[in-house]
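Some notes on the structure that comes next.
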Amino acid sequence: MSFLRGSENYVWCTTSVLGKGATGAVFQGVNKNNGEPVAVKTFNQLSHMRPHDVQMREFEVLKKVKHENIVKLLAIEEEQEGRGKVIVMELCTGGSLFNILDDPENTYGLQEHEFLLVLEHLTAGMKHLRDNNLVHRDLKPGNIMKYINEDGTTTYKLTDFGAARELQEEEQFVSLYGTEEYLHPDMYERAVLRKPVGKSFGATVDLWSIGVTLYHVATGQLPFRPYGGRRNKETMFYITTKKASGVISGTQTTENGPIDWARDLPSHCQLSVGLRKLVTPLLAGLLEVDPHRIWSFDRFFSEVQVVTSTKPMHIFHVNKATSIKVSHFVIGYLTMFDFVICNSN
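Written out as C-alpha coordinates, the structure reads:
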(Lines of atoms letter the chains of each structure in order from A; the text may use other names.)
(Lines give C-alpha, C1' and ligand atoms only; values in the text may rest on other atoms or scores of the structure.)
Protein backbone atom coordinates (compact mmCIF):
# COMPACT_ATOMS: atom_id res chain seq x y z
CA MET A 1 0.00 0.00 0.00
CA SER A 2 1.43 3.35 -1.04
CA PHE A 3 1.38 6.25 1.40
CA LEU A 4 2.31 8.66 -1.39
CA ARG A 5 -0.42 10.72 -3.03
CA GLY A 6 -0.32 13.66 -5.40
CA SER A 7 -1.84 16.15 -7.80
CA GLU A 8 -0.42 17.78 -10.91
CA ASN A 9 2.16 19.93 -9.12
CA TYR A 10 2.27 18.61 -5.55
CA VAL A 11 2.99 15.37 -3.72
CA TRP A 12 2.41 14.41 -0.09
CA CYS A 13 2.71 11.42 2.22
CA THR A 14 -0.30 10.34 4.25
CA THR A 15 1.95 9.58 7.23
CA SER A 16 2.93 13.27 7.49
CA VAL A 17 -0.30 14.39 9.15
CA LEU A 18 -0.51 18.01 10.29
CA GLY A 19 -4.12 17.87 11.42
CA LYS A 20 -7.43 16.03 11.07
CA GLY A 21 -11.05 17.16 11.17
CA ALA A 22 -14.54 15.80 10.57
CA THR A 23 -14.39 16.30 6.81
CA GLY A 24 -10.73 15.85 5.94
CA ALA A 25 -7.06 15.99 6.86
CA VAL A 26 -4.04 18.22 6.28
CA PHE A 27 -0.70 16.71 5.27
CA GLN A 28 2.76 18.13 4.75
CA GLY A 29 3.80 17.93 1.11
CA VAL A 30 6.17 19.45 -1.43
CA ASN A 31 5.97 21.25 -4.74
CA LYS A 32 7.17 18.81 -7.43
CA ASN A 33 8.80 21.62 -9.41
CA ASN A 34 10.88 23.41 -6.77
CA GLY A 35 10.75 21.30 -3.60
CA GLU A 36 8.93 24.00 -1.63
CA PRO A 37 7.27 22.52 1.49
CA VAL A 38 3.50 23.05 1.61
CA ALA A 39 0.38 22.02 3.51
CA VAL A 40 -2.21 20.01 1.56
CA LYS A 41 -5.82 19.68 2.69
CA THR A 42 -7.69 16.64 1.39
CA PHE A 43 -11.36 15.77 1.83
CA ASN A 44 -12.97 12.52 2.97
CA GLN A 45 -16.18 10.77 1.96
CA LEU A 46 -18.24 12.63 4.57
CA SER A 47 -17.18 15.91 2.99
CA HIS A 48 -18.18 14.70 -0.47
CA MET A 49 -21.67 13.85 0.84
CA ARG A 50 -22.37 17.52 1.59
CA PRO A 51 -24.37 19.61 -0.91
CA HIS A 52 -22.23 20.77 -3.83
CA ASP A 53 -22.57 24.46 -2.96
CA VAL A 54 -21.34 23.77 0.58
CA GLN A 55 -18.36 21.83 -0.78
CA MET A 56 -17.46 24.72 -3.07
CA ARG A 57 -17.83 27.37 -0.36
CA GLU A 58 -14.39 26.86 1.20
CA PHE A 59 -12.70 27.16 -2.19
CA GLU A 60 -14.57 30.38 -2.96
CA VAL A 61 -13.77 31.90 0.44
CA LEU A 62 -10.06 31.12 0.10
CA LYS A 63 -9.97 32.70 -3.35
CA LYS A 64 -11.55 35.84 -1.94
CA VAL A 65 -9.24 36.46 1.04
CA LYS A 66 -5.68 37.67 0.83
CA HIS A 67 -4.07 38.94 4.01
CA GLU A 68 -0.84 38.35 5.93
CA ASN A 69 -2.83 37.06 8.92
CA ILE A 70 -4.70 34.44 6.88
CA VAL A 71 -2.95 31.29 5.67
CA LYS A 72 -2.08 31.82 2.01
CA LEU A 73 -3.77 29.76 -0.70
CA LEU A 74 -1.22 28.45 -3.21
CA ALA A 75 -3.38 26.26 -5.43
CA ILE A 76 -6.55 24.24 -5.79
CA GLU A 77 -5.88 21.06 -7.76
CA GLU A 78 -7.49 17.74 -8.57
CA GLU A 79 -5.95 14.79 -6.76
CA GLN A 80 -4.80 11.94 -8.96
CA GLU A 81 -7.00 8.83 -9.19
CA GLY A 82 -10.15 10.94 -9.05
CA ARG A 83 -10.20 11.59 -5.32
CA GLY A 84 -11.47 15.14 -5.72
CA LYS A 85 -10.06 18.59 -5.14
CA VAL A 86 -7.27 19.42 -2.70
CA ILE A 87 -6.31 22.78 -1.21
CA VAL A 88 -2.61 23.63 -1.21
CA MET A 89 -1.51 26.26 1.33
CA GLU A 90 1.66 27.76 2.72
CA LEU A 91 3.20 25.64 5.48
CA CYS A 92 3.15 27.14 8.98
CA THR A 93 6.09 25.43 10.66
CA GLY A 94 5.32 26.84 14.12
CA GLY A 95 2.24 24.62 14.44
CA SER A 96 -1.17 25.58 15.78
CA LEU A 97 -1.84 27.87 18.72
CA PHE A 98 -3.58 24.92 20.40
CA ASN A 99 -0.36 22.88 20.30
CA ILE A 100 1.59 25.87 21.59
CA LEU A 101 -0.80 26.23 24.55
CA ASP A 102 -0.47 22.49 25.16
CA ASP A 103 3.26 22.94 25.80
CA PRO A 104 4.01 22.66 29.56
CA GLU A 105 5.81 26.02 29.54
CA ASN A 106 2.50 27.65 28.55
CA THR A 107 0.40 25.94 31.22
CA TYR A 108 -0.53 29.35 32.64
CA GLY A 109 -0.94 31.10 29.31
CA LEU A 110 1.40 32.92 26.96
CA GLN A 111 3.88 35.58 27.97
CA GLU A 112 2.63 39.15 27.59
CA HIS A 113 4.44 40.03 24.36
CA GLU A 114 3.22 36.83 22.69
CA PHE A 115 -0.35 37.35 23.89
CA LEU A 116 -0.36 40.84 22.38
CA LEU A 117 0.98 39.44 19.12
CA VAL A 118 -1.82 36.85 18.97
CA LEU A 119 -4.40 39.52 19.79
CA GLU A 120 -3.10 41.91 17.13
CA HIS A 121 -2.82 39.29 14.38
CA LEU A 122 -6.12 37.54 15.19
CA THR A 123 -7.92 40.88 15.10
CA ALA A 124 -6.29 41.92 11.82
CA GLY A 125 -7.29 38.64 10.20
CA MET A 126 -10.85 38.98 11.49
CA LYS A 127 -11.08 42.56 10.24
CA HIS A 128 -10.13 41.37 6.76
CA LEU A 129 -12.87 38.73 6.93
CA ARG A 130 -15.48 41.27 8.01
CA ASP A 131 -14.32 43.76 5.36
CA ASN A 132 -15.17 40.99 2.89
CA ASN A 133 -18.49 40.18 4.65
CA LEU A 134 -17.24 36.78 5.79
CA VAL A 135 -17.91 34.88 9.00
CA HIS A 136 -15.50 32.10 10.08
CA ARG A 137 -17.78 30.09 12.43
CA ASP A 138 -15.04 27.84 13.84
CA LEU A 139 -12.57 30.15 15.56
CA LYS A 140 -10.40 28.41 18.15
CA PRO A 141 -6.66 28.00 18.93
CA GLY A 142 -6.51 24.94 16.66
CA ASN A 143 -7.42 27.14 13.69
CA ILE A 144 -4.76 29.78 14.35
CA MET A 145 -1.34 28.88 12.95
CA LYS A 146 2.13 30.17 13.82
CA TYR A 147 4.18 31.13 10.77
CA ILE A 148 7.92 31.68 11.22
CA ASN A 149 9.18 34.40 8.87
CA GLU A 150 12.63 34.33 7.25
CA ASP A 151 13.91 36.89 9.77
CA GLY A 152 12.76 34.70 12.67
CA THR A 153 9.75 36.81 13.61
CA THR A 154 6.30 35.29 14.11
CA THR A 155 3.04 35.87 12.27
CA TYR A 156 -0.17 34.25 13.49
CA LYS A 157 -2.64 33.30 10.75
CA LEU A 158 -6.26 32.16 10.61
CA THR A 159 -6.90 28.89 8.82
CA ASP A 160 -9.60 26.27 8.13
CA PHE A 161 -12.41 28.01 6.29
CA GLY A 162 -14.53 24.89 5.92
CA ALA A 163 -17.32 26.51 7.95
CA ALA A 164 -16.86 30.05 6.61
CA ARG A 165 -19.40 31.81 4.43
CA GLU A 166 -20.46 35.23 3.25
CA LEU A 167 -22.69 37.08 5.70
CA GLN A 168 -23.62 40.75 5.70
CA GLU A 169 -23.69 42.65 9.01
CA GLU A 170 -27.46 42.29 9.50
CA GLU A 171 -27.85 38.85 7.89
CA GLN A 172 -28.51 35.66 9.84
CA PHE A 173 -27.70 31.97 9.34
CA VAL A 174 -29.24 28.79 10.73
CA SER A 175 -26.70 26.03 9.94
CA LEU A 176 -24.55 24.78 12.81
CA TYR A 177 -20.76 24.67 12.87
CA GLY A 178 -17.99 25.01 15.42
CA THR A 179 -16.24 23.30 18.33
CA GLU A 180 -18.41 23.05 21.43
CA GLU A 181 -16.11 24.69 24.01
CA TYR A 182 -15.88 27.78 21.78
CA LEU A 183 -19.52 27.90 20.61
CA HIS A 184 -21.80 30.80 21.40
CA PRO A 185 -24.45 29.59 23.92
CA ASP A 186 -27.30 29.97 21.40
CA MET A 187 -25.48 27.70 18.94
CA TYR A 188 -24.47 25.33 21.76
CA GLU A 189 -28.14 24.94 22.70
CA ARG A 190 -29.03 23.68 19.23
CA ALA A 191 -25.85 21.93 18.12
CA VAL A 192 -24.83 20.19 21.36
CA LEU A 193 -28.01 19.97 23.45
CA ARG A 194 -30.03 19.44 20.26
CA LYS A 195 -32.94 21.51 21.49
CA PRO A 196 -35.38 22.55 18.73
CA VAL A 197 -34.86 26.25 19.26
CA GLY A 198 -36.06 28.41 16.37
CA LYS A 199 -33.12 30.78 16.40
CA SER A 200 -30.90 32.17 13.69
CA PHE A 201 -27.41 33.52 14.25
CA GLY A 202 -25.46 36.57 13.15
CA ALA A 203 -21.80 37.21 12.41
CA THR A 204 -21.20 38.29 16.01
CA VAL A 205 -21.19 34.65 17.16
CA ASP A 206 -17.53 34.78 16.08
CA LEU A 207 -16.92 37.36 18.83
CA TRP A 208 -17.84 34.82 21.54
CA SER A 209 -15.40 32.31 20.03
CA ILE A 210 -12.71 35.00 19.98
CA GLY A 211 -13.40 35.74 23.66
CA VAL A 212 -13.04 32.09 24.67
CA THR A 213 -9.88 31.81 22.56
CA LEU A 214 -8.28 34.93 24.08
CA TYR A 215 -9.08 33.76 27.62
CA HIS A 216 -7.47 30.42 26.77
CA VAL A 217 -4.39 32.20 25.38
CA ALA A 218 -4.10 34.49 28.43
CA THR A 219 -4.54 31.80 31.09
CA GLY A 220 -3.87 28.38 29.55
CA GLN A 221 -7.42 27.36 30.52
CA LEU A 222 -10.91 27.50 29.08
CA PRO A 223 -13.10 30.11 30.79
CA PHE A 224 -16.16 27.87 31.31
CA ARG A 225 -15.42 24.48 32.86
CA PRO A 226 -18.15 22.23 34.29
CA TYR A 227 -17.14 19.26 36.42
CA GLY A 228 -16.62 16.35 34.02
CA GLY A 229 -15.98 18.57 31.00
CA ARG A 230 -17.89 17.60 27.86
CA ARG A 231 -19.87 14.95 29.72
CA ASN A 232 -21.65 17.68 31.67
CA LYS A 233 -23.30 19.54 28.80
CA GLU A 234 -26.30 20.92 30.69
CA THR A 235 -24.06 22.53 33.30
CA MET A 236 -21.89 24.00 30.56
CA PHE A 237 -24.98 25.63 29.08
CA TYR A 238 -26.06 26.83 32.52
CA ILE A 239 -22.66 28.45 33.17
CA THR A 240 -22.55 30.32 29.87
CA THR A 241 -26.17 31.53 29.94
CA LYS A 242 -26.67 32.31 33.64
CA LYS A 243 -23.45 34.21 34.26
CA ALA A 244 -23.87 37.91 35.05
CA SER A 245 -22.58 40.63 32.74
CA GLY A 246 -18.91 41.26 33.44
CA VAL A 247 -18.21 37.67 34.52
CA ILE A 248 -15.41 36.19 32.39
CA SER A 249 -15.17 32.67 33.81
CA GLY A 250 -17.19 30.05 35.62
CA THR A 251 -15.83 26.76 36.96
CA GLN A 252 -17.31 23.80 38.79
CA THR A 253 -14.75 21.73 40.72
CA THR A 254 -17.00 19.07 42.28
CA GLU A 255 -19.86 16.96 40.97
CA ASN A 256 -23.12 18.93 41.29
CA GLY A 257 -21.11 21.54 43.14
CA PRO A 258 -21.44 25.34 43.05
CA ILE A 259 -20.11 27.46 40.21
CA ASP A 260 -17.14 29.66 41.04
CA TRP A 261 -17.63 32.89 39.09
CA ALA A 262 -14.83 35.35 38.37
CA ARG A 263 -14.72 38.88 36.98
CA ASP A 264 -10.92 38.96 36.86
CA LEU A 265 -8.18 36.92 35.26
CA PRO A 266 -6.66 34.28 37.59
CA SER A 267 -3.55 35.14 39.60
CA HIS A 268 -1.41 32.69 37.63
CA CYS A 269 -2.00 34.65 34.40
CA GLN A 270 1.34 35.95 33.07
CA LEU A 271 0.01 39.32 31.89
CA SER A 272 1.06 42.42 33.82
CA VAL A 273 -1.43 44.09 36.13
CA GLY A 274 -1.63 47.06 33.78
CA LEU A 275 -2.46 44.91 30.75
CA ARG A 276 -4.98 42.87 32.72
CA LYS A 277 -6.91 46.07 33.43
CA LEU A 278 -7.34 46.51 29.68
CA VAL A 279 -7.87 42.86 28.70
CA THR A 280 -10.49 42.04 31.36
CA PRO A 281 -13.19 44.43 30.04
CA LEU A 282 -12.34 43.28 26.51
CA LEU A 283 -13.07 39.68 27.50
CA ALA A 284 -16.21 40.73 29.37
CA GLY A 285 -17.52 42.44 26.24
CA LEU A 286 -16.75 39.48 23.99
CA LEU A 287 -18.30 36.98 26.42
CA GLU A 288 -21.57 38.88 26.78
CA VAL A 289 -24.82 36.93 26.33
CA ASP A 290 -27.34 39.72 26.84
CA PRO A 291 -28.50 40.56 23.28
CA HIS A 292 -28.83 44.23 24.26
CA ARG A 293 -25.20 44.39 25.41
CA ILE A 294 -23.49 42.27 22.75
CA TRP A 295 -20.64 44.10 21.05
CA SER A 296 -20.42 44.89 17.37
CA PHE A 297 -17.28 44.09 15.41
CA ASP A 298 -16.51 47.81 15.20
CA ARG A 299 -16.56 48.01 19.00
CA PHE A 300 -14.26 45.00 19.20
CA PHE A 301 -11.77 46.44 16.70
CA SER A 302 -11.80 49.77 18.54
CA GLU A 303 -11.20 48.20 21.96
CA VAL A 304 -8.37 46.04 20.65
CA GLN A 305 -6.71 49.15 19.23
CA VAL A 306 -6.53 50.55 22.77
CA VAL A 307 -5.06 47.33 24.17
CA THR A 308 -2.46 46.83 21.43
CA SER A 309 -1.32 50.46 21.63
CA THR A 310 0.05 49.64 25.08
CA LYS A 311 3.84 49.93 25.17
CA PRO A 312 5.66 48.48 28.17
CA MET A 313 8.46 50.60 29.65
CA HIS A 314 10.85 49.55 32.40
CA ILE A 315 12.09 52.16 34.88
CA PHE A 316 14.60 51.51 37.66
CA HIS A 317 13.93 53.39 40.91
CA VAL A 318 17.47 54.06 42.16
CA ASN A 319 16.60 55.04 45.74
CA LYS A 320 14.53 51.90 46.34
CA ALA A 321 16.42 49.54 44.01
CA THR A 322 13.05 48.69 42.50
CA SER A 323 12.16 47.82 38.92
CA ILE A 324 8.93 49.50 37.85
CA LYS A 325 7.00 48.40 34.77
CA VAL A 326 5.06 51.20 33.13
CA SER A 327 2.24 50.46 30.71
CA HIS A 328 1.99 53.38 28.28
CA PHE A 329 -0.94 53.74 25.92
CA VAL A 330 -2.60 56.47 23.91
CA ILE A 331 -6.33 57.26 23.77
CA GLY A 332 -7.00 59.99 21.27
CA TYR A 333 -4.67 62.85 22.18
CA LEU A 334 -4.20 61.69 25.76
CA THR A 335 -1.21 59.71 26.92
CA MET A 336 -1.95 57.40 29.85
CA PHE A 337 0.53 55.71 32.18
CA ASP A 338 -0.19 52.76 34.41
CA PHE A 339 2.56 52.07 36.96
CA VAL A 340 3.04 48.55 38.23
CA ILE A 341 5.84 47.52 40.58
CA CYS A 342 7.39 44.31 39.25
CA ASN A 343 10.33 43.57 41.53
CA SER A 344 11.71 44.97 44.74
CA ASN A 345 15.01 43.31 45.50
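full-length UniProt numbering puts the sequence shown at residues 1 to 345. Ideal Cβ positions, reconstructed from N, Cα and C, are used throughout, including at glycine. What you are looking at is a predicted structure, and each value in this text was computed from that prediction instead of being measured.
Beta-carbon contacts of PHE98 that lie in its chain and below 6 Å, excluding the five residues immediately before and after | The residue you call residue 98 lines up with position 98 of the sequence shown. So the qualifying residues of the chain are PRO141 and GLY142.
If we ignore side chains and look at the alpha-carbon of each, how far apart do VAL38 and ARG130 end up?
-> Along the sequence shown, read from residue 1 onward, the residue named residue 38 stands at position 38. Along the sequence shown, read from residue 1 onward, the residue named residue 130 stands at position 130. Their Cα atoms are separated by approximately 27 Å.
Taking buried to mean at least 16 other C-beta atoms within 10 Å of its own C-beta, is PRO226 buried or exposed?
-> As a first step, residue 226 must be located in the sequence shown, where it is residue number 226. Counting Cβ neighbours within 10 Å, PRO226 comes out buried, since at least 16 surround it.
Are the CB atoms of ASN69 and TYR156 nearer to each other than 9 Å?
-> Indexing the sequence shown from 1 puts residue 69 at position 69. Indexing the sequence shown from 1 puts residue 156 at position 156. In this structure, TYR156 lies closer than 9 Å to ASN69 by Cβ.
PHE300 beta carbon less than 9 Å from that of LEU158 | Along the sequence shown, read from residue 1 onward, the residue named residue 158 stands at position 158. Along the sequence shown, read from residue 1 onward, the residue named residue 300 stands at position 300. Their beta carbons are not under 9 Å apart, which means LEU158 does not touch PHE300 by this criterion.
Span of the alpha helix (DSSP H) around TRP208 = Here residue 208 refers to the residue found at position 208 when the sequence shown is read from its first residue. Per DSSP, TRP208 belongs to the alpha helix (DSSP H) from 205-219.
Using 10 angstroms around the beta-carbon of GLN111, count the other beta-carbons present and answer buried if the total reaches 16, otherwise exposed.
-> Position 111 of the sequence shown, counted from the first residue, corresponds to residue 111. Looking at its Cβ environment, which holds fewer than 16 other Cβ atoms inside 10 Å, GLN111 is exposed.
Going by C-alpha distance, which of LEU134, THR153 and SER249 is nearest LEU117?
-> Residue mapping note: residue 117 aligns to position 117 of the sequence shown, counting from 1. In terms of Cα proximity to LEU117, the closest of LEU134, THR153 and SER249 is THR153.
Unbroken beta strand (DSSP E) run spanning GLY257, endpoints | If you number the sequence shown from 1, residue 257 lands on position 257. In the DSSP assignment, GLY257 falls outside any beta strand (DSSP E) and carries neither an H nor an E.
DSSP three-state call for PRO281: helix, strand or coil?
-> Along the sequence shown, read from residue 1 onward, the residue named residue 281 stands at position 281. The three-state secondary structure of PRO281, taken from DSSP, is helix.
Please state if the CB of THR107 and the CB of VAL220 are separated by a distance shorter than 9 Å.
-> Within the sequence shown, residue 220 is the residue found at index 220, counting from 1. Within the sequence shown, residue 107 is the residue found at index 107, counting from 1. The displayed chain sequence assigns Gly, not Val, to residue 220. Yes, the Cβ-Cβ distance between GLY220 and THR107 is below 9 Å.
Going by CA-CA distance only, name the one from LEU222, GLY19 and ASP260 that's closest to CYS92.
-> Locating residue 92 in the sequence shown gives position 92, where the first residue counts as 1. When only C-alpha atoms are compared, the closest one is GLY19.
Using three-state DSSP, classify VAL289 as helix, strand or coil.
-> If you number the sequence shown from 1, residue 289 lands on position 289. Here VAL289 sits in coil by DSSP.
Taking C-alpha atoms, which residue in LEU278, GLN252 and TYR238 lies nearest to VAL289?
-> Here residue 289 refers to the residue found at position 289 when the sequence shown is read from its first residue. Per the Cα distances, TYR238.
State buried or exposed for VAL30, treating a residue as buried only when at least 16 other CB atoms are found within 10 Å of its CB.
-> Here residue 30 corresponds to residue number 30 of the sequence shown, with the count starting at 1. Classification for VAL30: buried.
Under the DSSP definition of a beta bridge, which residues are partnered with LYS41?
-> On the sequence shown, residue 41 is found 41 positions in, with the first residue counted as 1. In the DSSP output, where bridge partners are listed per residue, LYS41 has VAL26 and ILE87.
Should LYS64 and ASN132 be called a contact, given that it needs their Cβ atoms to be closer than 9 Å?
-> Locating residue 64 in the sequence shown gives position 64, where the first residue counts as 1. Locating residue 132 in the sequence shown gives position 132, where the first residue counts as 1. The Cβ-Cβ distance between LYS64 and ASN132 falls below 9 Å.
Which one of GLN45, GLY95 and VAL40 has the shortest CA to CA distance from ALA75?
-> Along the sequence shown, read from residue 1 onward, the residue named residue 75 stands at position 75. Comparing Cα positions, the closest option is VAL40.
Is DSSP giving ALA75 helix, strand or coil here?
-> Here the question's residue 75 lines up with position 75 in the sequence shown. Here ALA75 sits in strand by DSSP.
Could you check what DSSP says for VAL61 in three-state terms: helix, strand or coil?
-> For the purposes of this step, residue 61 is taken as the residue at position 61 of the sequence shown. Three-state result, VAL61: helix.
State buried or exposed for SER209, treating a residue as buried only when at least 16 other CB atoms are found within 10 Å of its CB.
-> On the sequence shown, position 209 is the one that residue 209 refers to. Residue environment analysis places SER209 among the buried positions, since at least 16 neighbouring C-beta atoms fall within 10 angstroms of its C-beta.
Tell whether a beta-carbon distance below 9 Å holds between VAL205 and VAL135.
-> On the sequence shown, position 205 is the one that residue 205 refers to. On the sequence shown, position 135 is the one that residue 135 refers to. Yes; because the gap between Cβ atoms is below 9 Å, this pair is in contact.
Return the first residue and the last residue of the beta strand (DSSP E) that THR14 is part of.
-> Counting from 1 along the sequence shown, the entry for residue 14 is found at position 14. Counting along the chain, the beta strand (DSSP E) containing THR14 begins and ends at 10-20.
Enumerated in chain order, which unbroken segments of the alpha helix (DSSP H) with a length of 4 residues or greater are wholly contained in the segment 87-124?
-> Taking only runs of at least 4 residues, the alpha helix (DSSP H) segments lying wholly in the segment 87-124 are 97-101.
Could you check which residue in LEU193, SER309, THR254 and ASN44 has the C-alpha nearest to that of LEU278?
-> Start at 1 with the first residue of the sequence shown, and residue 278 comes out as number 278. Minimum Cα distance to LEU278 is reached at SER309.
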